[in-house]
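*Asks:*
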Amino acid sequence: MPYIKARLSIKLDEIQKDDLQKKLTDATSSALSKPKAYIMTEIEDGKSLYMAENKLDKGAYISIKMFGSAGKSACQTLTQSICSILETEYGIDGSKVYITFHPVDLWGWNGSMF
Amino acid sequence: MPYIKARLSIKLDEIQKDDLQKKLTDATSSALSKPKAYIMTEIEDGKSLYMAENKLDKGAYISIKMFGSAGKSACQTLTQSICSILETEYGIDGSKVYITFHPVDLWGWNGSMF
Amino acid sequence: MPYIKARLSIKLDEIQKDDLQKKLTDATSSALSKPKAYIMTEIEDGKSLYMAENKLDKGAYISIKMFGSAGKSACQTLTQSICSILETEYGIDGSKVYITFHPVDLWGWNGSMF
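Chains as they are written, first to last, in numbering that gives the first Met the number 0: chain A, 0 to 113; chain B, 0 to 113; chain C, 0 to 113.
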């Protein structure tokens, strides 16, 4: 049940969004050992992101909520994968990317708690 | 002071948004024993949500930030209510809904901290 | 590495957004003793925010993710500054503003973890 929210400054079309969510799902499933069937992603494009007081033409903020937690090395692996995807596919430099990981103990789904 | 953010894949008009925030406020006030006067909600519609690598026509992600925490059974009650609202009113199946609960210790309002 | 997300009910033009992110960056850098170079902000305007079951013409929700944590008095200082900025510049009353502070232990940037 990770929930991955990607907020990008650049604009993406539907095909690019779909491609990005698939790559994020793959990377997360692999790094955190979670089945893809339970990974939810949300892609938001064209956001007003700033860093060091400057508007980012190409920047991204990704938050990952995880049921339970994950070790730092798994998060390191995922950070590396996500930065690589964003750089290779969209030309977003890793220095303009923040990724925050959030352990969640109380997680509801389908009328009950995990 | 809960803050409830609802992110839905479907589009809602102003009347539906208003109705949904009222129902979410009611359910949260009741399950978490918080006065309605302090509950803030935000409704976002038409979001690009995916699960198991598929775009969700009808899906939702809800995050609930709570000052202090809440027990699992209160969260269970609220999850049940929210899933029921989303299913009954908008035809969103509970299996396409994630609800995460976030205890917050540091909460500012009106120039001071709670 | 704080990441500040501001969600306002009012609409802002590009110049106002830029002005607001600068003021938020200044206030955060000062209150939390973080270099401006590492502060990321995101401004979202025109959001559907409600409080006490009423739509807010002028309201705001701000979340601040911080690597590590911060003391309550630093958060108090920042809350005061942010409420003052929102009131002075945009006429948003502090009673219609929530600010939540989120310590984060797992934070990725540029391919690695902090």
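C-beta: ideal position from N, C-alpha, C; glycine also.
Treat the numbers as computed from the prediction; the structure is a model and nothing was measured.
Starting from the N-terminal side, write out each stretch of the beta strand (DSSP E) that is 3 residues or longer and does not extend beyond the segment 63 to 107 of chain A.
*Replies:* 96 to 103
*Asks:* Any beta carbon of chain C sitting closer than 8 Å to that of Ala51 (chain A)?
*Replies:* Chain C, which has a Cβ nearer than 8 Å to the Cβ of Ala51 (chain A), makes this yes.
*Asks:* What first and last residue would you give for the alpha helix (DSSP H) that runs through Ala30 (chain A)?
*Replies:* First-last of the alpha helix (DSSP H) with Ala30 (chain A): 13 to 31.
*Asks:* Please report the distance separating the alpha-carbon of Leu31 (chain A) from that of Lys54 (chain B).
*Replies:* For Leu31 (chain A) and Lys54 (chain B), the distance between alpha carbons rounds to 22 Å.
*Asks:* According to DSSP, which residues form a beta bridge with Lys54 (chain B)?
*Replies:* B:Tyr49
*Asks:* Kindly say whether Thr40 (chain A), judged by its beta-carbon, lies nearer than 8 Å to any beta-carbon of chain B.
*Replies:* yes
*Asks:* Residues bridged to Ile3 (chain C) by DSSP?
*Replies:* C:Thr40, C:Ile63
*Asks:* Please work out which residues of its chain come closer than 6 Å, Cβ to Cβ, to Gly70 (chain A), disregarding the five sequence neighbours upstream and downstream, and give them in chain order.
*Replies:* Residues of the same chain with a CB within less than 6 Å of the CB of Gly70 (chain A), apart from the 5 flanking positions on each side, do not exist.
*Asks:* Taking the alpha carbon of Tyr97 (chain B) as the point to measure from, which residue in B:Tyr60, B:Met39, B:Ala36 has its own alpha carbon closest?
*Replies:* B:Tyr60
*Asks:* Comparing the C-beta of Gln20 (chain B) with each C-beta of chain C, is any distance below 8 Å?
*Replies:* yes
*Asks:* Between which residues of its own chain and Leu23 (chain A) is the CB-CB distance below 6 Å, once the five residues before and five after are set aside?
*Replies:* Ile3, Thr40
*Asks:* Give a yes or no on whether the minimum CB-CB distance between Gly110 (chain C) and chain A is below 8 Å.
*Replies:* yes
*Asks:* Which residues of chain C have a Cβ atom closer than 8 Å to the Cβ of Ser28 (chain A), listed in chain order?
*Replies:* Per Cβ cutoff of 8 Å: no residues; Ser28 (chain A) is ~17 Å from chain C at best.
*Asks:* For Ala36 (chain A), does the count of other Cβ atoms within 10 angstroms reach 16, so buried, or fall short, so exposed?
*Replies:* exposed
*Asks:* Select from C:Glu43, C:Pro1, C:Gln15 the residue whose C-alpha is nearest the C-alpha of Ser47 (chain A).
*Replies:* Of the candidates C:Glu43, C:Pro1, C:Gln15, the one whose C-alpha sits nearest the C-alpha of Ser47 (chain A) is C:Glu43.
*Asks:* Alpha carbon to alpha carbon, what distance is there between Asp92 (chain C) and Gly110 (chain B)?
*Replies:* 10 Å
*Asks:* Using C-beta distances below 6 Å, list every residue in its chain close to Ala5 (chain C), excluding the 5 sequence neighbours before and after it, in chain order.
*Replies:* Ile42, Ile61, listed in sequence order.
*Asks:* If we cut at 8 Å on Cβ distances, does Tyr97 (chain A) have a partner in chain C?
*Replies:* yes
*Asks:* So, does the CB of Thr87 (chain B) fall closer than 8 Å to a CB anywhere in chain C?
*Replies:* In terms of beta-carbon proximity, Thr87 (chain B) stays away from the interface with chain C, with every pair separated by 8 Å or more.
*Asks:* If contact means a Cβ-Cβ distance below 7 Å, which residues of the segment 56 to 84 of chain B contact chain A?
*Replies:* Tyr60, Lys71, Cys74, Gln75, Thr78, Gln79, Cys82
*Asks:* Can you find a CB in chain C that lies within less than 8 Å of the CB of Gly107 (chain B)?
*Replies:* The beta carbon of Gly107 (chain B) falls within 8 Å of a beta carbon belonging to chain C, placing the residue at that interface.
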